[in-house]
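Residue numbering for the sequence shown follows the working numbering, starting at 53 and increasing by one per position. As structure tokens, the structure follows; a few thoughts come after it.
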Amino acid sequence: MPYDLANNDLRSWHEAVPSFRDGTDTPRAYLEHCLEIVAAREADIKAFVCMDIEAARVAADEATARYREGRALSVLDGMPYGVKDLFKTADFPTAIASELFEGGRDSHWLDSAHVYALRKGGAILLGKTTLPELGSGDPPPTRNPYDLSRSPGASSSGSAAAVGAGMVPVATGSQGRGSILRPASFCGNWALKPTFGALHSGGLLWRSPAYSVMGVHGGSLEDCWAVARQIADIVGGDPGHPGLYGGADIGEGEKPARLALLETAGWEKAEEQYKTKLLDFVQRLAGRGVDIVTRADDGAIEALERALAALPDYQPIIAAWEIKWPALPARDLGRDKINPRLVARFEEGERMTLDDYRGALARLEVLRAAFAATRGLADGCLTLSSPAMPPVGMGTGDSVFGDPSSALGAPAWNLPLMEDRGLPMGVQLLGQPHRDFDLARIAKWMAGTGI
């Protein structure tokens with residue numbers, strides 16, 4: 053099914069809410085339409101690990117009654133959604149795509165923080181979505197909804213594919229490197245990779261504590277933001293962090309005065325056609341009166357670009373060190389149940405020293421200082437979300453354009469505003485920490501201009 057930028061398969065929840073309130077539509081009818089798409093496409097796409105359709109129907113009927121009585125729990129009441137199977141949930145097993153954890157080895161799963169928050173707002177967890185083994189190993193069987201011969205990306209594979217196919221309006225995922233932005237680009241989703249710590253990540257398993265976050269894939273910008281806002285309002289951010297800033301309503305958007313175009317370490321890897329498409333997009337923004345600044349225009353941006361170019365030299369060290377727990381205990385528990393390539397990666401971390409890790413962190417601080425030095429130079433930064441089209445076959449793609457926001461702890465949105473050779477192509481809008489809402493308003497303006 054070729055991708056059509058103007059007529060894609062994304063579903064919006066926020067557009068349907070007024071009809072629930074006036075009684076012309078119901079959450080149960082909305083769910084049934086989602087289930088029709090699941091029935092038609094899930095056998096090919098394979099986005100879900102497990103579902104409970106009957107429980108979802110019961111919950112949708114309860115939400116329908118609340119709307120009828122004028123007592124909806126939130127703007128998300130009745131919204132069906134999926135959760136990446138890297139998050140603990142009370143209603144479903146959490147296997148992390150690993151034989152080691154099949155069957156619910158831990159029988160005391162509780163809802164992850166964000167699942168609890170969405171449950172309090174009446175959202176309906178339809179099921180758990182796929183991911184690679186332990187979040188970073190062999191990919192799942194999930195396919196790209198716009199070309200079944202291609203990958204949906206990873207590691208939030210199923211969440212991106214389910215939203216891209218229109219099975220659900222929202223699915224949650226996580227990002228350690230490019231695991232939200234890249235699959236969102238491949239599947240044509242709106243997606244928020246939030247400021248580090250802005251959304252409570254409690255219940256997220258198998259993570260790098262220094263930069264892993266939970267995030268949101270959605271069929272609309274408004275749905276992504278409403279979900280993020282609900283999570284922050286109920287459970288806040290990670291402990292020690294101030295949580296998500298910004299109001300409930302994105303409004304009509306806001307035109308930026310200036311945006312910075314960033315190449316990052318990914319520019320050399322990017323396909324020429326992808327770079328050309330991005331540069332054309334930037335030119336159209338300039339034509340609308342947005343000032344575009346690059347490394348050639350400002351010394352602080354040039355310094356940031358140089359620091360970003362060095363990120364691949366030490367980012368893997370941080371990742372390998374921080375995954376030592378729980379990776380090494382899991383290896384000791386069941387080495388024969390983990391892909392040997394993953395075991396070899398875990399053991400790279402085992403061979404590292406604390407000084408290796410400290411050296412990588414020192415270099416990371418240099419990068420973050422360079423980024424902080426650009427504060428105030430632009431309203432946001434534009435770059436690609438992926439260097440290339442979705443791979444044919446099972447490969448999940450390169451995280452090189454996802455690494456900057458993760459390393460910087462910065463918010464980044466994937467904007468599904470481009471297409472290339474019949475497939476979605478994402479634009480990444482990145483900004484200074486805690487500017488998630490401001491970036492959303494800029495994204496809304498961009499979408500509204502038809503650029």
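Idealized CB from N, CA, C, for every residue including glycine.
- [ ] Can you grab the Cα-Cα spacing for the pair residue 460 / residue 427, in whole Å?
- [x] By 1-based counting over the sequence shown, the position of residue 460 is 408. By 1-based counting over the sequence shown, the position of residue 427 is 375. Distance from the CA atom of residue 460 to the CA atom of residue 427, rounded to whole angstroms, is 13 Å.
Open item on the list: I need the DSSP call for residue 426, collapsed to helix, strand or coil.
Closed with: Locating residue 426 in the sequence shown gives position 374, counting from the first residue. Here residue 426 sits in coil by DSSP.
Task: Inside the region 342–406 only - alpha helix (DSSP H) runs reaching at least 4 residues - done: The qualifying runs are 351–361, 363–374, 376–386, 392–403.
- [ ] Assuming residue 246 contacts residue 267 (C-beta within less than 8 Å), just tell me the rounded distance between them.
- [x] Here residue 246 refers to the residue found at position 194 of the sequence shown. Here residue 267 refers to the residue found at position 215 of the sequence shown. At roughly 6 Å, the Cβ-Cβ gap stays under 8 Å, so residue 246 and residue 267 are in contact.
Open item on the list: Pull the bridge partners of residue 310 from the DSSP assignment, please.
Closed with: Here the question's residue 310 lines up with position 258 in the sequence shown. Paired residue(s): 343.
TODO: Please go through the region 202–269 and give each complete alpha helix (DSSP H) segment of 4 or more residues, from N-terminal end onward.
DONE: 209–216, 233–239
- [ ] Check the DSSP bridge columns for residue 471 and list the partner residues they point to.
- [x] Taking the first residue of the sequence shown as position 1, residue 471 is located at position 419. BP columns for residue 471 point to 476.
- [ ] Ignore the nearest five residues each way along the sequence and tell me which others in residue 184's own chain have a CB closer than 8 Å to its CB.
- [x] Working through the sequence shown from its first residue, we reach residue 184 at position 132. Cβ within range, chain order: 149, 190, 191, 192, 206, 207, 209, 448.
Open item on the list: Report the CB separation of residue 178 from residue 134 in whole angstroms; it is logged as a contact under 8 Å.
Closed with: As a first step, residue 178 is located in the sequence shown; it is residue number 126 there, counting from the start. As a first step, residue 134 is located in the sequence shown; it is residue number 82 there, counting from the start. Here residue 178 really is in contact with residue 134; their C-beta atoms are around 6 Å apart, less than 8 Å.
TODO: Could you tell me if residue 325 is buried or exposed, where buried requires 16 or more neighbouring beta carbons within 10 angstroms of its beta carbon?
DONE: Residue mapping note: residue 325 aligns to position 273 of the sequence shown, counting from 1. Residue 325 comes out exposed.
TODO: Pick out whichever of 139, 498, 458 has its Cα sitting closest to the Cα of residue 255.
DONE: Translated into positions along the sequence shown, residue 255 becomes position 203. The option with the nearest alpha carbon to residue 255 is 139.
Task: Collapsed DSSP secondary structure at residue 133 in the structure displayed - done: Counting from one through the sequence shown, the residue named residue 133 turns up at place 81. Note: residue 133 maps to strand in three-state DSSP.
Task: Status (buried if at least 16 other CB within 10 Å, exposed otherwise) for residue 421 - done: Position 369 of the sequence shown, counted from the start, is the residue given in the question as residue 421. Exposed, since its Cβ has fewer than 16 Cβ neighbours within 10 Å.
Open item on the list: For residue 272, count the other beta carbons within 10 Å of its own beta carbon; 16 or more makes it buried, fewer makes it exposed. Which is it?
Closed with: Position 220 of the sequence shown, counted from the first residue, corresponds to residue 272. Flag for residue 272 reads buried.
Open item on the list: Can you confirm whether the region 327–343 touches the region 355–363 when touching is taken to mean that 3 or more C-beta pairs between the two stretches lie within less than 8 Å?
Closed with: no
Task: Best match in 401, 85, 203 for proximity to residue 446 [C-alpha to C-alpha] - done: Along the sequence shown, one-based indexing puts residue 446 at 394. It is 203 whose Cα lies nearest to the Cα of residue 446.
Task: Three-state class that DSSP yields for residue 279 in the structure shown - done: By 1-based counting over the sequence shown, the position of residue 279 is 227. Note: residue 279 maps to helix in three-state DSSP.
- [ ] Could you check how far apart the C-beta atoms of residue 489 and residue 297 are, in whole angstroms? I think they sit under 8 Å.
- [x] Numbered from 1 along the sequence shown, position 437 holds the residue referred to as residue 489. Numbered from 1 along the sequence shown, position 245 holds the residue referred to as residue 297. With a Cβ gap of about 6 Å, residue 489 and residue 297 count as contacting.
Open item on the list: So, with DSSP's three-state summary, where would you put residue 172?
Closed with: Position 120 of the sequence shown, counted from the start, is the residue given in the question as residue 172. Reduced to three states, the DSSP call for residue 172 is helix.
TODO: Note down the Cα distance separating residue 168 from residue 136, rounded to an integer number of angstroms.
DONE: Residue mapping note: residue 168 aligns to position 116 of the sequence shown, counting from 1. Residue mapping note: residue 136 aligns to position 84 of the sequence shown, counting from 1. Cα to Cα, residue 168 sits roughly 14 Å from residue 136.
Task: Span of the beta strand (DSSP E), counted from its first residue to its last, around residue 489 - done: Locating residue 489 in the sequence shown gives position 437, where the first residue counts as 1. Counting along the chain, residue 489 falls outside any beta strand (DSSP E), though it belongs to the alpha helix (DSSP H) covering 488–501.
- [ ] Kindly list the residues whose CB is nearer than 7 Å to the CB of residue 345, restricted to its own chain and excluding five residues on each side of it in sequence; keep chain order.
- [x] What you label residue 345 is simply residue 293 of the sequence shown in a count that begins at 1. Cβ within range, chain order: 310, 312, 353, 429, 430.
Task: Given 8 Å, three or more beta-carbon pairs between the region 234–241 and the region 115–127 - done: no
Task: 8 Å Cβ shell around residue 58 - same chain, five flanking residues per side excluded - done: The residue you call residue 58 lines up with position 6 of the sequence shown. Once the five neighbours on either side are set aside, residue 58 has no close Cβ partner at all.
Open item on the list: Between which two residues does the beta strand (DSSP E) holding residue 101 run?
Closed with: Translated into positions along the sequence shown, residue 101 becomes position 49. Element bounds for residue 101: 100–103.
Task: Three-way DSSP call (helix, strand, coil) for residue 483 in this model - done: Sequence index remark: in the sequence shown, residue 483 carries index 431 (1-based). Residue 483: coil per DSSP, three-state reduction.
TODO: Please report the residue range of the alpha helix (DSSP H) in which residue 460 lies.
DONE: Here residue 460 is taken as the residue at index 408 of the sequence shown, counted from 1. Taken as a continuous stretch (DSSP letters only), the alpha helix (DSSP H) holding residue 460 covers 455–460.
Task: Buried or exposed (CB count within 10 angstroms, at least 16 for buried), residue 377 - done: If you number the sequence shown from 1, residue 377 lands on position 325. It is exposed - the Cβ of residue 377 has fewer than 16 other Cβ atoms within 10 Å.
Open item on the list: By alpha-carbon positions, which one of 194, 365, 384 ends up nearest to residue 96?
Closed with: Counted from its first residue, the sequence shown places residue 96 at position 44. For the set 194, 365, 384, the Cα lying nearest the Cα of residue 96 is the one of 194.
- [ ] Could you check if residue 201 is buried or exposed, using at least 16 other CB atoms within 10 Å of its CB as the buried criterion?
- [x] Here residue 201 is taken as the residue at index 149 of the sequence shown, counted from 1. It counts as exposed.
Open item on the list: Can you tell me whether residue 274 sits near the ligand MN, meaning its C-beta is under 6 Å from at least one heavy atom of the ligand?
Closed with: With respect to the ligand MN, the structure shown offers nothing to examine, as it has no ligands at all.
Open item on the list: Classify residue 249: buried if its beta carbon has 16 or more other beta carbons within 10 angstroms, exposed otherwise.
Closed with: Along the sequence shown, one-based indexing puts residue 249 at 197. That one is buried.
Open item on the list: Using the Cβ count rule (16 or more neighbours within 10 Å means buried), how would you classify residue 188?
Closed with: Mapped onto the sequence shown, residue 188 falls at position 136. Buried is the call here.
Open item on the list: To test your reading of the DSSP string, which unbroken alpha helix (DSSP H) runs of 4 or more residues are found completely within the region 55–104?
Closed with: Counting only unbroken stretches of 4 or more residues, the alpha helix (DSSP H) elements lying wholly within the region 55–104 are 69–74, 79–97, in sequence order.
Open item on the list: Helix, strand or coil for residue 127? Go by DSSP, reduced to three states.
Closed with: Residue numbering aside, residue 127 sits at position 75 when the sequence shown is read from its first letter. The answer is coil: DSSP assigns residue 127 none of H, G, I, E or B.
Open item on the list: For a test of the three-state rule: what should DSSP assign to residue 144, helix, strand or coil?
Closed with: Here residue 144 is taken as the residue at index 92 of the sequence shown, counted from 1. In the structure shown, residue 144 sits in coil (DSSP, three-state: anything other than H, G, I, E or B).
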